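Novice: If you read the protein sequences in the order shown, they are chains A and B. Numbered by the numbering used here, the letters in the first sequence go through residues 2 to 341 in order. Numbered by the numbering used here, the letters in the second sequence go through residues 2 to 341 in order. Heads up, the beta-carbon is just placed ideally off N, CA and C, and yes, glycines get one too. As the structure is a prediction and not an experimental result, all values here were calculated from the model. Have a look at this one before I ask anything.
There are 2 protein chains.
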Amino acid sequence: MKKKTTIYDIAKELNITVSTVSRALSGFPAISDATKKAVIETAKKLNYSPNRLASALKSGKTHIIGVIVPSVQAHFFASIIHSIEEGLKDSGYRIILYQSNESLENEINGVRTLLEAQVDGIMASLSLETEDVSHFAEIVKQNKPLVLFDRVNPVLKVPTVTLDDFGAGYLATQHLIDQGYKKIAFITTIHQIKIFNDRLKGYKAALEENNLPILEEHIIYGGLSIKDGRFGAGKLMRCTEKPDAIIAGDDFTALGAIKKLKEIDATPPQIGVIGFANEAFSAYITPNLSTIDQHANQMGSECAKMFLKMIAQENPYQNIDHVVLNPTVVERQSTDKLPC
Amino acid sequence: MKKKTTIYDIAKELNITVSTVSRALSGFPAISDATKKAVIETAKKLNYSPNRLASALKSGKTHIIGVIVPSVQAHFFASIIHSIEEGLKDSGYRIILYQSNESLENEINGVRTLLEAQVDGIMASLSLETEDVSHFAEIVKQNKPLVLFDRVNPVLKVPTVTLDDFGAGYLATQHLIDQGYKKIAFITTIHQIKIFNDRLKGYKAALEENNLPILEEHIIYGGLSIKDGRFGAGKLMRCTEKPDAIIAGDDFTALGAIKKLKEIDATPPQIGVIGFANEAFSAYITPNLSTIDQHANQMGSECAKMFLKMIAQENPYQNIDHVVLNPTVVERQSTDKLPC
DNA sequence: GTGAAAGCGCTAACAT
DNA sequence: ATGTTAGCGCTTTCAC
Chain A
2 MKKKTTIYDI AKELNITVST VSRALSGFPA ISDATKKAVI ETAKKLNYSP NRLASALKSG
62 KTHIIGVIVP SVQAHFFASI IHSIEEGLKD SGYRIILYQS NESLENEING VRTLLEAQVD
122 GIMASLSLET EDVSHFAEIV KQNKPLVLFD RVNPVLKVPT VTLDDFGAGY LATQHLIDQG
182 YKKIAFITTI HQIKIFNDRL KGYKAALEEN NLPILEEHII YGGLSIKDGR FGAGKLMRCT
242 EKPDAIIAGD DFTALGAIKK LKEIDATPPQ IGVIGFANEA FSAYITPNLS TIDQHANQMG
302 SECAKMFLKM IAQENPYQNI DHVVLNPTVV ERQSTDKLPC
Chain B
2 MKKKTTIYDI AKELNITVST VSRALSGFPA ISDATKKAVI ETAKKLNYSP NRLASALKSG
62 KTHIIGVIVP SVQAHFFASI IHSIEEGLKD SGYRIILYQS NESLENEING VRTLLEAQVD
122 GIMASLSLET EDVSHFAEIV KQNKPLVLFD RVNPVLKVPT VTLDDFGAGY LATQHLIDQG
182 YKKIAFITTI HQIKIFNDRL KGYKAALEEN NLPILEEHII YGGLSIKDGR FGAGKLMRCT
242 EKPDAIIAGD DFTALGAIKK LKEIDATPPQ IGVIGFANEA FSAYITPNLS TIDQHANQMG
302 SECAKMFLKM IAQENPYQNI DHVVLNPTVV ERQSTDKLPC
């Protein structure tokens, strides 16, 4: 197998030096048009392809950024990745992907691996297991941009892009109240994650403002999945004070709740159900699922924008921005309460 | 900002040379246990983190492989990526992601970018626009593993992992016939993609074997999306010979068809509908969508396995395997024909 | 078992 | 406008 052509080959061919070739190729201004043209032609002729590795080793910039998400199989994260890539493409940055699968250990490995790969920065959304975030400190210490999105942790003094989660919880609750529901339950995760705690606070605030009681038996702490949704709904329906509506931690959990409610003849909107995330399926199940849109694509492009801004500064952390997106309600059948 | 520690710092600290440090760190056998231990301890003490870039430049191995897919937003591809990463993780390979967004131009850029990043190999599924595949030739020329999956092209003499698409088309058709449907239509893409052509062939073969006529007006060539599904179903229902079942190119198209059929009071399974891919929503729409499962996760792990096998050989292309997975029918309500 | 030294392909002072 | 040269951090052949 013949060796790959390098700038040395081009230089030899044209009887000039590598520095000239390097300059011609990288659009350095003080280079004669003639040499530039000759270099580019010869490069094409010899089928030259730059070795970004060598350039990265020398310059300290790989133009690759690491993205850590729980799993690309969740549509929400897939959408975010999609729009991060989109937002970064024009500036020549590429993404290297790492999935934590909701495991802290994987997340720690991810940070290490990405740093060893000399990425120019990292974007991450925390795993459900992640409470201690010290493994992210090294990124900041190296003065490389770290942007946290969606599942963030305030202990880390870094820029973030999040949804207004308090607002989201409030909005979901207020929507149900506006529709005429009065005894609203809440299914959430047992993990101490800021965004889920915030939503719970929003829920409680909305109830209070509307002079509705907050019942502890109406708050279910468990997992988030179709199975957990079934289980949670079942448990709620056996309460002494049976709720007339359920807010589920995500659309999958909401789906499970709906399935259970259908079985016991309490099909929504008889009992109202609303989820979070606006997953692909939510518009198409029966009844259609009302949900809080988390604006994944917008979140992704904000992350990209934030990163580009940080990288342009000599000190990426000179001012730490927090972009907060506004949640919106997607009203569908599952909360369309019939007049009594 | 203090400089990062390198093996030179470790060497200096211990009064040995870098070669010894390098050997100790990389598990070279002929190294005394004492030095090895000292090196590892000092590395930890100095907070050493290897620069994989330098090592890659020297060794020619980045341990990064590029993956090109149309879009991670499609659940099918997200699942494949998930299991590729899973299957590769233990052997220390990482994934760098590139999305073509169904554009040939992006795909060409992707190949170039990944090669410039010196990836150790590439896995790809072709964009809908891709008919000419010459941009992939360079990968093979560099003797780097290229594995094509799902959307492949036989012009490229490389290993592939695919579904038996002829079988999938046949299976979908035979399933409908078994259920009692007799006038079966087919919505597919206008693009000349092998897998879609193969499915069409399978469809025709099944009809022939069952002595059913193949009607050109029952084959709709268009796009694949919810919108296209609505459109296709509408067109089919205006045929002179109205079909009693529809095979749609993917689950989204099937979903569109179902929506249209519900509107015109021909709700499945009255008119049967089956899709491809077993998307996340398919089990939860009403009626539940029957579909052909394409075994995304299995496909991903086969890709990983194939890659590892190729990389282990001195010549990755010494024998070119083609793994073909068997499609399976997921029977749900949308094809559950009622007795007449 | 360890050391010396060359070099992977490129960039960027510094020089002319 | 172009050439010279010294590395970036690591691996690896060849010594001893």
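Does any CB atom of chain B fall closer than 7 angstroms to the CB of Thr189/A?
Specialist: Not an interface residue.
Novice: How would you list, in chain order, the residues of chain B whose beta-carbon sits under 9 angstroms from the beta-carbon of Leu89/A?
Specialist: Result: empty, since nearest Cβ-Cβ is about 12 angstroms, beyond 9 angstroms.
Novice: Output yes or no for whether 7 angstroms exceeds the beta carbon distance between Val68/A and Leu105/A.
Specialist: Contact: no.
Novice: Whole angstroms are fine: how far does the CA of Ile191/A sit from the CA of Tyr222/A?
Specialist: If you take the alpha carbons of Tyr222/A and Ile191/A, they lie about 5 angstroms apart.
Novice: Among Val325/B, Gln100/B and Ser27/B, which one has its Cα closest to the Cα of His296/B?
Specialist: The shortest C-alpha separation from His296/B is found at Val325/B.
Novice: Go ahead and label Thr18/A buried or exposed: buried means 16 or more other beta carbons lie within 10 angstroms of its beta carbon, across all protein chains shown.
Specialist: By the neighbour-count rule (16 or more Cβ atoms within 10 Å), Thr18/A is not buried but exposed.
Novice: Kindly identify the DSSP beta-bridge partner or partners of Thr161/A.
Specialist: BP columns for Thr161/A point to Leu149/A and His323/A.
Novice: Starting from Gln100/A, follow the beta strand (DSSP E) in both directions and report where the run begins and ends.
Specialist: Where Gln100/A is concerned, the enclosing beta strand (DSSP E) stretches over Arg95 to Gln100.
Novice: Distance cutoff 7 angstroms, beta carbons only. Does His219/B sit that close to anything in chain A?
Specialist: No - not a single Cβ of chain A is within 7 angstroms of the one on His219/B.
Novice: Anything in chain A within Cβ reach of His83/B, meaning under 9 angstroms, just list it in chain order.
Specialist: What His83/B touches in chain A: Ser72, Val73, Gln74, Gln100 and Asn102.
Novice: Please confirm if the segment 149-163 of chain B is in contact with the segment 291-308 of chain B, defined as three or more CB-CB distances below 8 angstroms between the two stretches.
Specialist: Yes, the segment 149-163 of chain B is in contact with the segment 291-308 of chain B.
Novice: Quick one: is Thr18/B near chain A, going by C-beta distance under 7 angstroms?
Specialist: Not an interface residue.
Novice: Assess, as a yes-or-no matter, whether the segment 325-336 of chain A is touched by the segment 161-169 of chain A under the definition of 3 or more beta carbon pairs within less than 8 angstroms.
Specialist: Touching, yes.
Novice: Between the Cα of Ser50/A and the Cα atoms of Arg95/A, Ile265/A, Ser27/A and Pro155/A, which residue gives the shortest distance?
Specialist: Here the closest residue by C-alpha is Ser27/A.
Novice: Considering just the uninterrupted stretch of the alpha helix (DSSP H) at Ile265/B, what are its terminal residues?
Specialist: Segment: none, Ile265/B is in no alpha helix (DSSP H) and carries neither H nor E.
Novice: Within 7 angstroms (strictly less), CB to CB, does Pro51/A reach chain B?
Specialist: True, the Cβ-Cβ gap to chain B drops below 7 angstroms.
Novice: So which residues on chain A does Leu54/B lean against when the C-beta distance must stay under 8 angstroms?
Specialist: Per Cβ cutoff of 8 angstroms: Leu54, Ala57, Leu58, Thr63, Ala118 and Gln119.
Novice: In the DSSP assignment, find the alpha helix (DSSP H) that holds Ile85/A and state where it starts and stops.
Specialist: Run containing Ile85/A: His76 to Lys90, per the alpha helix (DSSP H) assignment.
Novice: In chain A, which residues lie with their C-beta within 9 angstroms of the C-beta of Leu256/B?
Specialist: Here the neighbours are Tyr285.
Novice: Can you check which of these residues, His323/A, Gln119/A and Ala39/A, is closest to Ile65/B by C-alpha distance?
Specialist: Taking only the C-alpha atoms, the option nearest Ile65/B is Gln119/A.
Novice: If you check the beta carbons only, do Asp121/A and Thr63/A fall under 7 angstroms apart?
Specialist: Yes, they are a contact pair.
Novice: Does any CB atom of chain B fall closer than 7 angstroms to the CB of Ala138/A?
Specialist: Not one chain B Cβ lies under 7 angstroms of Ala138/A.
Novice: Judging by CA-CA distance, which residue of Tyr9/B, Asn52/B, Asp179/B and Gly61/B is the nearest neighbour of Val40/B?
Specialist: Comparing Cα-Cα distances from Val40/B to each of Tyr9/B, Asn52/B, Asp179/B and Gly61/B, the minimum goes to Tyr9/B.
Novice: For the beta strand (DSSP E) that contains Tyr222/B, what are its first and last residues?
Specialist: It spans Ile220 to Gly223 - the beta strand (DSSP E) in which Tyr222/B sits, taken as one unbroken run.
Novice: Looking at the C-beta of Ile123/A, does it have a partner C-beta in chain B at a distance below 7 angstroms?
Specialist: It does not: the Cβ of Ile123/A has no partner Cβ on chain B nearer than 7 angstroms.
Novice: Determine the direct distance from the alpha carbon of Ile32/B to that of Leu116/B, and round the result to whole angstroms.
Specialist: Each residue's Cα considered, the two are about 36 angstroms apart.
Novice: Taking CB distances under 7 angstroms as the criterion, tell me whether Ala297/B reaches chain A.
Specialist: Answer no: the Cβ-Cβ gap between Ala297/B and chain A never drops below 7 angstroms.
Novice: What's the gap between the Cα of Gly224/B and the Cα of Leu89/B?
Specialist: Rounded to the nearest angstrom, the two C-alpha atoms are 34 angstroms apart.
Novice: For Gly230/A versus Ala267/A, is the C-beta spacing smaller than 7 angstroms?
Specialist: Not closer than 7 angstroms, so no.
Novice: Look up Ser384/A in the DSSP assignment and say whether it is helix, strand or coil.
Specialist: Summary: the structure shown does not reach residue 384/A, with chain A confined to residues 2 through 341, and so no result is reported for it.
Novice: Of all the residues that make up the segment 265-290 of chain B, which are near chain A by a beta-carbon distance shorter than 7 angstroms?
Specialist: Cβ contacts with chain A come from Ala281, Phe282, Tyr285, Ile286 and Thr287.
Novice: Tell me which residues share the same chain as Val73/B and place their Cβ nearer than 8 angstroms to its Cβ, disregarding the 5 neighbours each side in the sequence.
Specialist: Ala79, Ile82, Leu98 and Gln100.
Novice: Output yes or no for whether 7 angstroms exceeds the beta carbon distance between Asp245/A and Ile272/A.
Specialist: Yes, these two residues count as a Cβ contact at 7 angstroms.
Novice: Closer than 9 angstroms by beta-carbon distance: list the chain B residues that pair up with Thr95/A, in chain order.
Specialist: Contrary to the premise, residue 95/A reads as Arg rather than Thr in this sequence. Ordered by position in chain B, the residues that pass the 9 angstroms Cβ test against Arg95/A are Ile97, Leu98, Tyr99, Thr114, Leu115 and Ala118.
Novice: Beta-carbon within less than 7 angstroms of Leu323/A's beta-carbon, same chain only, minus the 5 sequence neighbours each way: which residues are those?
Specialist: It is His, not Leu, that sits at residue 323/A in the sequence shown. Answer for His323/A: Pro160 and Thr161, listed in chain order.
Novice: Take Gly181/B as the anchor and find which of Ser23/B, Ser335/B, Ala25/B and Glu139/B has the nearest alpha-carbon.
Specialist: Answer by Cα proximity: Ser335/B.
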